[in-house]
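Encoded as structure tokens, the structure appears first; notes follow it.
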Amino acid sequence: MIKKLIRSIMGKNKKVSGPAQPLMLSAKEHGIDPKLVSPNAIRVTDTLQQAGFKAFIVGGAVRDLLLSIKPKDFDVATNATPDQVKRLFRRAFIIGKRFQIVHVMFGQELIEVTTFRGTVLDGAPKDEHGRVLRDNTFGSQAEDAVRRDFTINAMYYDPASQTVLDYHGGIADIRAKILRIIGAPEARYREDPVRMLRVARFAARLKFTIDPATAAPISVMAPLINNVPAARIFDEMLKLLMSGHALACLQQLRKEGLHHGLLPLLDVVLEQPMGEKFVTLALTNTDNRVVQGKPVSPGFLFASLLWHQVLEKWRAYQAAGEYPIPGLHLAADDVLNAQTEKLALQRKIASDMRDIWAMQPRFERRTGKSPYKLLEHPRLRAGYDFLLLRCASGELDPDIGEWWSAFIDADGPGREELLTQKPKDEDGGAVKKRRRRASRSRTKSAAPAADEA
Ligand code: ATP
Ligand code: MG
């Protein structure tokens, strides 16, 4: 009776069901290159299997292996409970309160081990829009597959037998390059609106076509993202921006109508004509670094994405009579405050962003002690890379970037010589001395060093 009542209240969300028996593919049929599989992931599945449990590599790693891409991390799914998993490994930590997962560490590599999840029941707690709030039940492998987001993310690989288990036609979709959500798209987006952002991310990153039924509800349901806690949005945005395909992902979000009025960050990034070149350069830069396996700092990335908004507000503060340096800090505050409402920027990231921005006027001082002081700044490298982006985008005279490259590389006497060099003027010909005092009240390019304000 009560169950019936709950069902009629929650009724809109039909239970998604899937086949109990998966399609099974042999090594010859799926063609996964065993050399691309992490030995530590195999160690985890072997250990679990030897203890009598089921264990598979799952999710994104299987998808990438099938696409002959080396996965960046490996997840394992098992029928062992978190406690049972933990007992089998020396360095294993149970993480999370609601749905516990186990992190198994091997040196730097982390293998995430998750117990098969059960079906989302109609009676599971949801918010007023239908977003599932708690769903911490364990289940069978088939139930676990149904709960995953896309057909291509719901396959299991057993390294021992080299078999792939495919419950939802993932193999066919991988081959046809189609991104398809499992179950009824509306219901799945309602349960978890973040899946709409994931559609954009995977379609862009894998260059897959979005199945029309999967794409159709997105523009209408996009506002549900407003309802998702900021920390989750942040995690998903970070994955998107660090995917090595950030530019393509953001263009995809725009195409799906997912940027408008939802995330202030995306509004800013995608709709600032002024900053478009800067943002494109910053994202291309980041994408190249990710592809080359170089580290990328989230602080630098967000600082780049929001720079032109900072510039705009900074100019407004100065036009209203504020001094340049306090004006820059006020602008930074405004921009950061507007973002944190929707996007839980971690404190460390926000402080990195602030440092990078605050350093910028200091690069324009190329006389006296000030450049030496800046060399000692712990975040000099990030600030300097940011300066180069500003030069490359045409916002600043490239001469400044070149001067700093030379100054950073030079030895003692070389630096002294650079300090006595007179800055070139706009057309690179005649030289003129920049008069500090006189330029104080002028625009950003004449702003004094931050440490003087
Ligand atoms: P990436 O290579 O970017 O890490 P991924 O597919 O591994 O891609 P993760 O966010 O690491 O993505 O998630 C791991 C797996 O968990 C996914 O492959 C999918 O099966 C499942 N999953 C993740 N997020 C969701 C979600 N919001 N709804 C349903 N299933 C999800
Ligand atoms: Mg992953």
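Its first residue numbered -3, the sequence shown is counted upward by one per residue in our numbering. Don't be surprised by glycine CBs; every beta carbon is placed ideally from N, CA and C. Here the structure is a predicted model, which is why all the values come from computation and not from measurement.
- Between Ile170 and Arg59, the gap from beta carbon to beta carbon is short of 9 Å.
- Of Val224, Ala199, Ala212, Val216, the smallest CA-CA separation from Glu187 is found for Val224.
- A distance of 9 Å or more separates the beta carbons of Gly179 and Val216.
- With fewer than three CB-CB distances shorter than 8 Å, the region 106 to 113 does not count as touching the region 153 to 172.
- Going by C-alpha positions, Val54 is about 6 Å away from Tyr153.
- Between Phe198 and Asn132, the C-beta spacing is not below 9 Å.
- Positions of the alpha helix (DSSP H) runs, each at least 4 residues long and wholly inside the region 377 to 421, are given as 394 to 405, 408 to 416 in order along the chain.
- Straight through space, the alpha carbons of Leu234 and Phe146 are spaced by roughly 20 Å.
- With contacts defined by Cβ atoms closer than 9 Å, Gln137 and Ser22 do not form a contacting pair.
- Per DSSP, Leu106 is one residue of the beta strand (DSSP E) stretching across 105 to 111.
- For Val306, same chain residues with a beta-carbon under 8 Å away, outside a window of 5 residues either side, are Leu324, Ala327, Ala328, Val331, Trp353 in chain order.
- Nearest neighbour of Lys31 by Cα position, chosen from Pro213, Ala51, Lys66, turns out to be Lys66.
- In this structure the region 335 to 347 does not lie against the region 362 to 374, because fewer than three pairs of beta carbons, one per stretch, are closer than 8 Å.
- Considering only His304, Leu63, Thr43, the residue with the shortest C-alpha distance to Ser389 is His304.
- Around the beta carbon of Glu398, a 10 Å sphere encloses fewer than 16 other beta carbons of the protein chains shown; the residue is thus reported as exposed.
- The residue from Ile167, Tyr380, Arg285, Asn222 with its alpha-carbon nearest to that of Leu19 is Ile167.
- Beta-bridge pairing by DSSP links Lys122 to Val128.
- Between the region 34 to 50 and the region 78 to 93 there are three or more C-beta pairs closer than 8 Å, enough to call the two in contact.
- Ala278 sits buried, since 16 or more C-beta atoms from the chains shown fall within 10 Å of its C-beta.
- For Pro155 and Thr41, the gap between their C-alpha atoms comes out near 8 Å.
- Distance between Glu139 and Lys122, taken at the CA atoms: about 19 Å.
- With respect to the 9 Å criterion, Leu376 and Gln356 are not classified as neighbours on the basis of their beta carbons.
- Residues of the same chain with a CB within less than 7 Å of the CB of Trp400, apart from the 5 flanking positions on each side, are Phe359, Tyr380, Leu383 in chain order.
- Rounded to whole angstroms, the separation of the alpha carbons of Arg194 and Glu124 is 22 Å.
- Counting along the chain, Val160 sits inside no alpha helix (DSSP H); it lies in the beta strand (DSSP E) bounded by residues 159 to 162.
- In the structure shown, Tyr185 adopts helical secondary structure according to DSSP, grouped into three states.
- When secondary structure is reduced to three states using DSSP, Thr43 falls in the helix class.
- Collapsing the DSSP output to three states places Tyr319 in coil.
- Less than 9 Å divides the Cβ of Gly240 from the Cβ of Val286.
- Non-local beta-carbon contacts of Ser64 in its own chain, meaning distances under 7 Å to residues more than five positions away in sequence, involve Asp29 in chain order.
- Restricting attention to Asp79, Lys24, Gly56, Glu105, the CA atom closest to the CA of Arg39 is found in Glu105.
- Cβ-Cβ separation between Thr205 and Pro181: approximately 15 Å, too far for a contact (criterion under 8 Å).
- If you ignore the 5 residues before and after Trp310, its C-beta comes within less than 7 Å of the C-beta of Gly323, Leu324, Ala327, Lys440, all in its own chain and listed in chain order.
- About 6 Å separates the beta carbon of Val72 from that of Ala51, a gap short enough to meet the 8 Å contact definition.
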